[in-house]
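Working notes, beginning with the structure itself.
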Amino acid sequence: MSRSTASNTPHSLTQITLTTDDGYALSATRYGAIGAVKGNIVVAGATGVQQRFYRRFAEHAALQGYSVLTLDYRGVGQSSPKSLKGFEMSYLDWGFCDLAAAVDFMSDESIPLFWVGHSFGGHGLGLLPNHQKITAAYCFGTGAGWAGWMPNLERLKVRLLWSCILPVIVWRKGYMAWSILGMGDDLPLGVYKDWKRWCAHPHYFFDDPLMSAVADCYSSVRTPIVFANATDDPWAPPRSRDAFIKGYSNAPVITRDIYAAKAIGHMGYFRLSALDTWDEMLQWFALQHAQLPTSLTKANG
Numbered sequence: 001m002s003r004s005t006a007s008n009t010p011h012s013l014t015q016i017t018l019t020t021d022d023g024y025a026l027s028a029t030r031y032g033a034i035g036a037v038k039g040n041i042v043v044a045g046a047t048g049v050q051q052r053f054y055r056r057f058a059e060h061a062a063l064q065g066y067s068v069l070t071l072d073y074r075g076v077g078q079s080s081p082k083s084l085k086g087f088e089m090s091y092l093d094w095g096f097c098d099l100a101a102a103v104d105f106m107s108d109e110s111i112p113l114f115w116v117g118h119s120f121g122g123h124g125l126g127l128l129p130n131h132q133k134i135t136a137a138y139c140f141g142t143g144a145g146w147a148g149w150m151p152n153l154e155r156l157k158v159r160l161l162w163s164c165i166l167p168v169i170v171w172r173k174g175y176m177a178w179s180i181l182g183m184g185d186d187l188p189l190g191v192y193k194d195w196k197r198w199c200a201h202p203h204y205f206f207d208d209p210l211m212s213a214v215a216d217c218y219s220s221v222r223t224p225i226v227f228a229n230a231t232d233d234p235w236a237p238p239r240s241r242d243a244f245i246k247g248y249s250n251a252p253v254i255t256r257d258i259y260a261a262k263a264i265g266h267m268g269y270f271r272l273s274a275l276d277t278w279d280e281m282l283q284w285f286a287l288q289h290a291q292l293p294t295s296l297t298k299a300n301g
């Protein structure tokens, strides 16, 4: 048993190993809902951010009646090999395989399945081969990654990072060891190469002629989605979000700009200071549940 930082009510916590369709073993954690189950949630985290960062949100949602799954993507945290040097993978594996396995695990025809995305998590939804299992999605800090959308100072920092600092680190280490800079978990070489290439484009991989198949994946999504971005998010300000979400051309999309008295940045969406935002999101999920077909609503009743 574990206890929520946001409440003294106990909740159940289970460590899980997910096996993807290509045979990779992932570390995941399931937070059991307290009381009547309102829905299941898959938390799709940001690039280089371990699942433990989302613990407080998962505990809070569990106390509100949602079963929540967090996971470490392959190459990250507890799903990382002993050494990232020589470890081969594509950035897209996180969506095509890892998050797809999480969706399959949490899918239950009698209970709505919700998606909570952070940064890359807003990208991952469009990569899912099983996105039709998702009832509704709410994504924070999702953007196109292009430095040109960022505030001037951040733009300079990011361009210096991609052009000078990271290439040297990768050359020396054989992988993206950006923990040296205190910026996140170390990442495999394949993630670095893909990410760097796509961040050079205003519309991310939608501008990459080699990625037309991915564009088709996104256009097939029909899931209702909210994309919420803080106005002080230096990596994914609202205009960066707006450039990326054009890929969800056939999904009912709502955008929300968050103006907060306290700084949010790119990571504050999942700190305890965002408790009110979490509750607003869970209320929106409840509304989506209420709009489900009567047969499903009664099954969950």
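In the working numbering, the protein residues as written are 1 to 301.
Using N, Cα and C, we set each Cβ at its ideal position, and we do this for glycine too.
Margin query: Between the segment 184-196 and the segment 226-234, can you find at least three pairs of beta-carbon atoms closer than 8 Å?
Written below: Judged by Cβ distances under 8 Å, the segment 226-234 makes no contact with the segment 184-196, as fewer than three pairs qualify.
Note to self: In this structure, how does DSSP classify A290 when only helix, strand and coil are distinguished?
What the structure shows: Helix, per DSSP.
Next item on the list: Using beta-carbon positions only, say whether G121 and A44 come within less than 8 Å of one another.
Entry: Closer than 8 Å, so yes.
Checklist line | Beta-ladder partner(s) of T47, from DSSP | finding: Beta bridge pairing from DSSP links T47 with no other residue.
Margin query: Given this structure, state the Cα-to-Cα distance separating T17 from A25, to the nearest angstrom.
Written below: Within the model, the alpha-carbon separation for T17 versus A25 is close to 6 Å.
Next item on the list: Take D232 and list the residues in its own chain whose beta-carbon comes closer than 7 Å to its own, dropping the five residues that flank it on each side.
Entry: Cβ neighbours of D232 beyond the five flanking positions: A263, I264, G265.
Checklist line | Inter-stretch contact (C-beta, 8 Å, three-pair minimum) for the segment 88-101 and the segment 21-36 | finding: Taking 8 Å as the limit for Cβ pairs, the verdict is that the segment 21-36 does touch the segment 88-101.
Notebook entry, point to check: Taking one C-beta from the segment 281-292 and one from the segment 128-144 each time, how about it: are there three or more such pairs within less than 8 Å?
Noted result: The way I'd put it, the segment 281-292 does touch the segment 128-144; three or more beta-carbon pairs between them come closer than 8 Å.
Notebook entry, point to check: Grouping DSSP H, G and I as helix and E and B as strand, with all else coil, what is D208?
Noted result: Three-state DSSP puts D208 in coil, outside helix and strand.
Notebook entry, point to check: How do the segment 34-49 and the segment 107-125 stand: do at least 3 beta-carbon pairs fall below 8 Å, yes or no?
Noted result: These segments touch.
Next item on the list: Evaluate contact between the segment 205-220 and the segment 247-262, counting only Cβ atoms and requiring at least three cross-stretch pairs below 8 Å.
Entry: The way I'd put it, the segment 205-220 does touch the segment 247-262; three or more beta-carbon pairs between them come closer than 8 Å.
Next item on the list: Below 8 Å on the Cβ atoms is my guess for W149 versus H201; work out the distance and round it to an integer in Å.
Entry: That pair is no contact at about 11 Å.
Item checked: Range of the contiguous beta strand (DSSP E) that encloses F227 -> First-last of the beta strand (DSSP E) with F227: 225-230.
Checklist line | Residues near T5 in its chain [Cβ-Cβ closer than 7 Å; skip 5 each side] | finding: A caution first: T5 carries a pLDDT of 38, below 50, which makes its placement in the model too unreliable to give a value.
Notebook entry, point to check: Exposed or buried, what is T317 when buried is set at 16 or more other beta-carbons lying within 10 Å of its beta-carbon?
Noted result: Past the edges of the chain, shown from 1 to 301, lies residue 317, and the structure says nothing about it.
Item checked: Helix, strand or coil at W284 [DSSP, three-state] -> Residue state, collapsed to three classes: helix.
Note to self: Is it buried or exposed, S80, if we count other Cβ atoms within 10 angstroms and call 16 or more buried?
What the structure shows: It counts as buried.
Check: Secondary structure at G265, three-state DSSP: helix, strand or coil?
Finding: In this structure, G265 counts as coil in the three-state DSSP scheme.
Note to self: Quick check on the burial criterion: 16 or more other C-beta atoms within 10 angstroms. Buried or exposed for L153?
What the structure shows: By the beta-carbon neighbour count (other beta carbons within 10 angstroms, threshold 16), L153 is exposed.
Next item on the list: Answer with buried or exposed for M183, where buried requires no fewer than 16 other C-beta atoms within 10 angstroms of its C-beta.
Entry: M183 comes out exposed.
Next item on the list: Use the C-beta contact count for Y66: other C-beta atoms within 10 angstroms, 16 or more gives buried, fewer gives exposed.
Entry: Taking a 10 Å sphere around the C-beta of Y66, we find 16 or more other C-beta atoms and assign the residue as buried.
Margin query: Please tell me whether L156 and M106 are closer than 8 Å, where the distance is taken between their beta carbons.
Written below: No.
Item checked: Residue interval of the alpha helix (DSSP H) (run including V170) -> Per DSSP, the unbroken alpha helix (DSSP H) holding V170 starts and ends at 166-173.
Checklist line | Other residues of its chain near N8: CB distance less than 7 Å, five sequence neighbours each side excluded | finding: The pLDDT assigned to N8 is 44, lower than 50, so where the model puts this residue is not dependable; a value taken from the coordinates is nonetheless given after this. Once the five neighbours on either side are set aside, N8 has no close Cβ partner at all.
Check: DSSP puts A28 in a beta bridge; with which residues?
Finding: Answer is I16, L71.
Check: In angstroms, rounded to a whole number, what distance separates the CA positions of A36 and M281?
Finding: Taken atom to atom, the span from the alpha-carbon of A36 to that of M281 is near 18 Å.
Checklist line | CB contact flag (H118, F270, <8 Å) | finding: Yes; because the gap between Cβ atoms is below 8 Å, this pair is in contact.
Notebook entry, point to check: Within 10 angstroms of its Cβ, does Q132 collect 16 or more other Cβ (buried), or is it exposed?
Noted result: By the 10 Å Cβ count, Q132 comes out exposed.
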